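Undergrad:
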Amino acid sequence: MVTHGDRSRQANASGRRRFKQIGAVVALGLTALLMSGCSAQEAMRFGWPEGITPEAESMRHLWTWSVIAALVMGIIVWALTFWTITFHRRKRNSPATAEDEFPRQTAYNVPLELTYTAIPFVIIAVLFYFTIIVQNGVETKKSDPKVVVDITAFQWNWKFGYRTVQMADGTTYNGFLRDGSPYELQQKELNKEGEEIPGPANGRDDDIRNYLKFDRIETVGTSEEIPVLVLPVGERIEFEQASADVIHSFWVPEFLFKRDVFPFPKQNHTDNRWQVSSIDKTGAFVGRCAEMCGTYHSMMNFEVRAVSKENFDRYIAYRAANPNATNAQALQSICETPVSVTTRPFDTRRSTNGSAEAVATGGTSSNTTIPGCTVGAQS
Ligand SMILES: [Cu+2]
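In the numbering used here, the protein residues as written are 105 to 483.
#1: Does the distance between the C-beta of W355 and the nearest non-hydrogen atom of ligand 1 fall short of 7 Å?
#2: Relative to the alpha-carbon of K72, which residue among V214, L335, G480, T268 has its alpha-carbon at the smallest distance?
#3: Figure out for me which residue from E322, P475, V252 has the closest Cα to the Cα of I341.
#4: Less than 6 Å between C-beta atoms, sequence neighbours within five positions excluded: which residues of the same chain meet that for L435?
#5: Beta strand (DSSP E) containing V230: first to last residue?
#6: Alpha carbon to alpha carbon, how far is R282 from A147? Give it in angstroms, no decimals.
#7: Rounded to a whole number of angstroms, what is the C-alpha to C-alpha distance between G480 and S469?
#8: Does the structure place the segment 160-170 close enough to the segment 366-378 that three or more beta carbon pairs sit under 8 Å?
#9: Classify M105 as helix, strand or coil using the three-state DSSP reduction.
#10: Rounded to whole angstroms, what is the Cα-Cα separation between S444 and E217?
#11: Ligand 1 and E395: does the residue's C-beta get closer than 7 Å to at least one heavy atom of that ligand?
#12: Quick check: what's the CA-CA separation for I189 versus I126?
#13: Tell me, which residues are paired with S347 by DSSP?
#14: Assign E243 to one of two classes, buried (16 or more other C-beta atoms within 10 Å of its C-beta) or exposed (fewer than that).
#15: Give me whichever residues DSSP pairs with H352 in a beta bridge.
#16: What are the boundary residues of the alpha helix (DSSP H) that E159 is part of?
#17: What residue from A257, G387, P475 has the CA that sits closest to D349's CA?
#18: Any heavy atom of ligand 1 closer than 7 Å to the CB of M404?
#19: Compute the beta-carbon to beta-carbon distance between F389 and V411, rounded to the nearest angstrom, for a pair I have assumed lies under 8 Å.
#20: Please go through the same chain and pick out, in chain order, the residues whose beta-carbon is closer than 6 Å to the beta-carbon of R308, but skip the five residues on each side of it.
#21: Can you find a heavy atom of ligand 1 that lies under 7 Å from the Cβ of H401?
#22: Only counting the same chain, and skipping five residues up and downstream in sequence, which positions put a Cβ closer than 8 Å to that of T235?
#23: I'd like to check one pair, R409 with L333: are the Cβ atoms closer than 8 Å?
#24: Quick one, are the C-beta atoms of F522 and W378 less than 8 Å apart?
#25: Can you tell which of V380, T478, T168, A160 has its C-alpha closest to the C-alpha of R149?
#26: Can V337 and S382 be called in contact, C-beta distance under 8 Å?
#27: Can you check which of these residues, I228, Q209, T221, P475, is closest to A173 by C-alpha distance?
#28: Throw me the rounded Cβ distance for the D364 and E395 pair, which I believe falls under 8 Å.
#29: Taking DSSP's pairing of strands, which residues face I341 in a bridge?
#30: Consider the C-beta atom of H352 and the heavy atoms of ligand 1; say whether any pair is separated by less than 7 Å.
#31: Let me check understanding here. Comparing Cα to Cα, which of G241, W187, T446, N431 lies closest to A160?
#32: If I'm right that Y266 touches I420 with Cβ under 8 Å, what's the distance once you round it to whole angstroms?
#33: Who are F406's beta bridge partners in DSSP?
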């Protein structure tokens, strides 16, 4: 005969067995993590990409602590779940009597229900608080950026201009040429009779970029060349962006930051100025357009080349002194690779396989046969 004491001993034994199994799984998981060669820092990043700015690092902290908070909650929930299914399930061999069909019911326990309603609200409030703190930090703009860069996005490339640079020798380089206004600068085109020629897109010509900023030193990307934006490490940098056509998005994955680039930023009520307090690592970092902007959106890449302050000043001085020199030459003058190393330019020619073969051979709409050509004669 199975007594009550026997049953509880059985339950305790099976409970202990289960805990041993769980312990083995946890130990196995930890061993796998350690064996995979992840450093402690890597593990604490919980998959968050490595950033190169203090802003990116502050976002990483938010992420790490959020995951830790989630893991603590998860462990409590898992523990309660396993505790319930281990110790409060129907015992094997126990007859299904009316009294143990359901465990003791705890519904309508007001203090308990208030507690488990309040706790999630506290968690949300804490997460919200720290999110706002970090977001405000990332969006901070100070009045004394050492470098101001004008960004122009267009289908499907980028133009970067250096507006102001505070040089290490105390002087300030000012490359600002002109600030546009779509309504004042845009001249209406007139025909010979003096009548206004209506342009496309609200009467504006697609090629008119008057509302954008222009600088003495500019780097423009082409289908042959990826624009390389040279920036100094360790300096506060401001970016001011505008689009020449549709909405793009300026994104350097290593900054862990992107900002939509609008045409007519002021008229579209967008904040088109943002800063990084510093870039903390020299090197080449790919930049991308992160807003679907048309056919070649996916190839609309650029490169940020972070160099030392001394080399950056030399680069600006070289470009200011040699207005006709290319960006590649200026890069070479500071012993930097002249072309981008993180991405390649794209071919916009929509050619059929082997464009060299597709040469014009004459023909009219009613006769498309190549003159002097016999079918089957080619080997
Ligand atoms: Cu784009």
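We put the beta carbon where it would ideally sit given N, CA and C, even for glycine. Source: prediction; values computed, not measured.
TA: On the basis of the data shown:
#1: no
#2: Outside the displayed range of the chain (105 to 483) lies residue 72, so it cannot be described from this structure.
#3: V252
#4: P442
#5: Unbroken run through V230 is the alpha helix (DSSP H), 214-242; no beta strand (DSSP E).
#6: A147 and R282 have their C-alpha atoms spaced approximately 49 Å apart.
#7: 23 Å
#8: no
#9: Here M105 scores only 45 on pLDDT, less than 50, and its place in the model is too uncertain to base an answer on.
#10: Answer to the nearest angstrom: the Cα atoms are 60 Å apart.
#11: yes
#12: 13 Å
#13: A257, P367
#14: E243 should be labelled exposed.
#15: V365
#16: 158-191
#17: Checking every option, the nearest Cα to that of D349 belongs to A257.
#18: yes
#19: Not really, about 12 Å apart at Cβ, beyond 8 Å.
#20: With a pLDDT of only 49 at R308, under 50, the local geometry of the prediction cannot be trusted, and the value read off the model is given with reservation. Result list for R308: empty, nothing under 6 Å.
#21: yes
#22: Hits under 8 Å: L166.
#23: yes
#24: The question about residue 522 has no answer, for the chain in this structure spans 105 to 483.
#25: Per the Cα distances, T168.
#26: yes
#27: I228
#28: The C-beta distance from D364 to E395 rounds to 6 Å, short enough to meet the 8 Å contact threshold.
#29: V251, V380
#30: yes
#31: G241
#32: 6 Å
#33: Its beta-bridge partners are G391.
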